[in-house]
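Report on the following structure.
2 protein chains.
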Amino acid sequence: MASHFADRICKAVKEKKTPLIVGLDPVYSRLPKAIRSQKGMNDSKSAAASIDAVLDYSMKVLKIIAPLVPAVKINIAFFEKYLWEGVESYYSLISEAQDLDLEIVGDVKRGDIGHTAQSYALAHLQNPELKGFEDVLAADAITINGFAGSEGILPFAEIADKQGKGVFVWVRASNPSAAVIQDFADASGMKMYEKLAEITAEIANQSARIGTSGYSNIGMVVGGTTSEQTAALRQKYGKIIFLVPGFGSQGATAADCMKFCKPDGTGALINASRSIIYAYEDEKYITQFGDNWEKCIEQAVLDAKIELAKA
Amino acid sequence: MASHFADRICKAVKEKKTPLIVGLDPVYSRLPKAIRSQKGMNDSKSAAASIDAVLDYSMKVLKIIAPLVPAVKINIAFFEKYLWEGVESYYSLISEAQDLDLEIVGDVKRGDIGHTAQSYALAHLQNPELKGFEDVLAADAITINGFAGSEGILPFAEIADKQGKGVFVWVRASNPSAAVIQDFADASGMKMYEKLAEITAEIANQSARIGTSGYSNIGMVVGGTTSEQTAALRQKYGKIIFLVPGFGSQGATAADCMKFCKPDGTGALINASRSIIYAYEDEKYITQFGDNWEKCIEQAVLDAKIELAKA
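Just so you know, the protein sequences line up as chains A and B, in that order. Going by our numbering, the first sequence opens with residue 297, and the numbers climb by one from there. Going by our numbering, the second sequence opens with residue 297, and the numbers climb by one from there.
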């Protein structure tokens, strides 16, 4: 763990020969019937049954994807809705993913200032040191919200540095209404998200934060659906790893997403969530694999890798 | 709970005769010695001891402040750093505060889009319906991050509406570096935070969201230290309750903060955190009350109420 987050990610991308990562945001009602009909997991009105099912499914997904992709992005909101018990499951998944040699991005979008930001960083980036939590691991990197400027980013960056971990600042979202705020432009035509990218890059480009791969441990989240406006960021910020959501279900094409990679295939993590983890709802895969939901997911990962490789 | 959040808050402000609310963001190392030396709570390296001490202290603070102020703001980051066990404590505090008839603002600053935002809203605004969580309550209102625009606000607003709860959109932070992003201005001089306020107000001003008090259940968080630029918001958005952090330790004066109230004293919640909850570190109170830390906190609340009433 004393190694550099960006170096670990670059190595994993090369080994798995893809920038594709899988996003885990499981919803009980969409889990495979084979999971939801298991004893103790077949009561959608019970917290324990729901959590057990979501966790069982997620653990199985991790095993399927681990040989195929460099990283998993775990969306904590889908666990946090089960209160503290869901949060415990989130950390269990991190440990499992670590055992499977996946890099782990905790999609937590935390953001605040000062001591509050520092407390969030302790929760989500620092491997716990307190007695009683010795076996718990935090994610390798997390997403954060940089709305408060550098004072909202630095407390996370500093703990990430010490832990050999990473931070992805949410710079440009992929939803339509985000444009009203994030494309808000000044008199020179500079947009708010470009300003936020500039602030982030200033922190990211500090030489102590650059690994032997040439990338910083501080990256940016930039939506794949906005690629026309934002591919310029790739050009401008050579040391930044972009985390790109929106491939698949959210409508970004492989070509859109691949604009964030450098010619050698590094520099971006392209995330697909629902198009992969619910592949067993897709007629295309049902025809091939019937109710073998694991095979459906595996094939969807392989297909997405090929699609990105072609682009 | 079927009542309207803004109406409950207005009633509580009138009953307690103050817009002052107390922010709970406790740190183990600063807890009173009387707490930290208790059996089972005297080991700063143990998770269980730290959490028990923080929870014991927080419960006692709630009892002190409940007769004096309309609401408590609980900062989840200071609990979340103790992982799921801290999150469980956060919900215990909500139940206790509810029993003490305090309105509860969960300072969680969650922010995302679509299903993710909805999941966060389920975690933090909806009183759980799943078996196993019957006795758990969510906060009366939470703070959120509106960086993704209306699509990032509406999923929270809609669940708040159904639950008789509230949402405070973080519009302007009180830290210096926030200005770089939040004061980012367009060609007409309009600032990004003003745009965000406009988007928030459009959602807040829907007639179904306005209570009999004349206020919406959707409010805004605006830092007290920026009062010169932002008191204009009070004038412009008559139906908005402002949650104003920064009174006391963060440097905003009573006069700064009171600009967010209407002449009848409604329309704002003025939050003081460290100046109240660590009052027993203040020479002024030590001289008066010695090591009676509860008395120090009580007196600090009374003093802050008087300071605001004078302004």
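The beta carbon of each residue, even a glycine, is placed where N, CA and C say it ideally should be.
Distance check between Ala-474 of chain A and each of B:Ile-400, B:Cys-306, B:Ile-409, B:Ala-343 places B:Ile-409 closest, using alpha-carbon atoms only.
For Ile-566 of chain A, DSSP records a beta bridge to A:Leu-316, A:Val-540. Around Ser-346 of chain B, the beta-carbon contacts reaching into chain A at under 7 Å are Leu-426.
Between Phe-301 of chain A and the set A:Phe-443, A:Leu-421, A:Ala-575, the nearest pair of CA atoms involves A:Leu-421. At a beta-carbon threshold of 9 Å, the residues of chain B lying near Gly-445 of chain A are Ala-469, Asn-471, Pro-472, Ser-473, Ala-474, Ala-475, Val-476, Ile-477, Gln-478, ordered along the chain.
By the Cβ test, the region 327-334 of chain A is in contact with the region 349-360 of chain A, since at least three Cβ pairs between them sit closer than 8 Å. The beta-carbon distance between Ala-456 of chain A and Asn-513 of chain A, rounded to whole angstroms, is 6 Å. This is short enough to meet the 8 Å contact definition.
Nearest to Gly-544 of chain A by alpha-carbon distance, out of A:Thr-562, A:Leu-529, A:Asp-578, A:Met-516, is A:Asp-578. Interface flag for Ala-419 of chain B against chain A is set, since a Cβ pair is found closer than 8 Å. Of all alpha-carbon atoms in A:Ile-390, A:Lys-405, A:Val-404, the one lying nearest the alpha-carbon of Leu-398 of chain A is that of A:Ile-390. Within the same chain, and ignoring the five residues on either side of Tyr-533 of chain B in sequence, the residues whose Cβ sits closer than 6 Å to its Cβ are Ala-497. Proximity of chain B to Glu-376 of chain A at the Cβ level (cut-off 9 Å) is accounted for by Val-383, Arg-406, Ser-415, Tyr-416, Leu-418, Ala-419, His-420, in chain order. Judged by beta-carbon spacing, Val-597 of chain A lies beyond the 8 Å limit of Leu-565 of chain A, meaning their Cβ atoms are not closer than that value. Listed along the chain, the chain A residues whose CB falls inside 9 Å of the CB of Tyr-576 of chain B amount to none; the nearest CB is some 18 Å away. Non-local C-beta neighbours of Ile-400 of chain B in its own chain, meaning closer than 7 Å and more than five positions away in sequence, comprise Ala-367, Val-368, Ile-370, Ile-390, Ala-393, Gln-394, Ala-435, Asp-436, ordered along the chain.
Nearest in C-alpha terms to Ile-361 of chain A, of all of A:Ala-605, A:Phe-556, A:Ala-600, A:Leu-604, is A:Ala-600. Take Asp-587 of chain A, set aside five residues on each side of it, and the residues of its chain with a beta-carbon closer than 8 Å to its own are Pro-328, Lys-329, Ala-330, Tyr-576, in chain order.
Inclusion of Gly-462 of chain B and Gly-515 of chain B in the CB contact set at 8 Å is warranted, their separation being smaller than that value.
Phe-443 of chain A is not a Cβ neighbour of Ile-449 of chain B, given a cutoff of 8 Å.
Relative to Glu-447 of chain A, the option among A:Ser-385, A:Gly-407, A:Lys-359 whose CA is nearest is A:Gly-407. Cβ-Cβ separation between Gly-510 of chain A and Lys-487 of chain A: approximately 27 Å, too far for a contact (criterion under 8 Å). Look at the region 303-329 of chain B: the residues with a C-beta under 9 Å from a C-beta of chain A are Asp-321, Val-323. When secondary structure is reduced to three states using DSSP, Phe-301 of chain B falls in the helix class.
No Cβ of chain A is located within less than 8 Å of the beta carbon of Lys-461 of chain B. Contact with chain A is absent for Phe-452 of chain B, since none of that chain's Cβ atoms lies less than 8 Å from the residue's Cβ.
Ranking B:Ile-593, B:Ile-573, B:Gln-546, B:Lys-606 by CA distance to the CA of Pro-559 of chain B puts B:Lys-606 first.
The three-state secondary structure of Ile-409 of chain B, taken from DSSP, is coil.
Under the criterion of beta carbons closer than 8 Å, Ser-470 of chain A and Gly-542 of chain A qualify as touching, at roughly 4 Å. Taken in chain order, the complete alpha helix (DSSP H) segments of 4 residues or longer contained in the region 473-561 of chain B are 474-478, 488-500, 523-532, 550-554. DSSP, reduced to helix, strand and coil, places Ser-342 of chain A within a strand of the structure shown. Contact of Leu-351 of chain A with chain B is not assigned, every C-beta pair being separated by 8 Å or more. In the DSSP assignment, Gly-462 of chain B falls within the beta strand (DSSP E) that extends over 462-468.
Following the DSSP letters along the chain, one finds Ala-596 of chain B inside the alpha helix (DSSP H) bounded by residues 589-606. Under a criterion of Cβ atoms nearer than 7 Å, the residues of chain B adjacent to Ala-481 of chain A are, in order, Asp-482. For Lys-491 of chain A, the nearest CB of chain B lies under 8 Å from its own CB, placing it at the interface with that chain. Per DSSP, the unbroken beta strand (DSSP E) holding Lys-369 of chain B starts and ends at 367-371.
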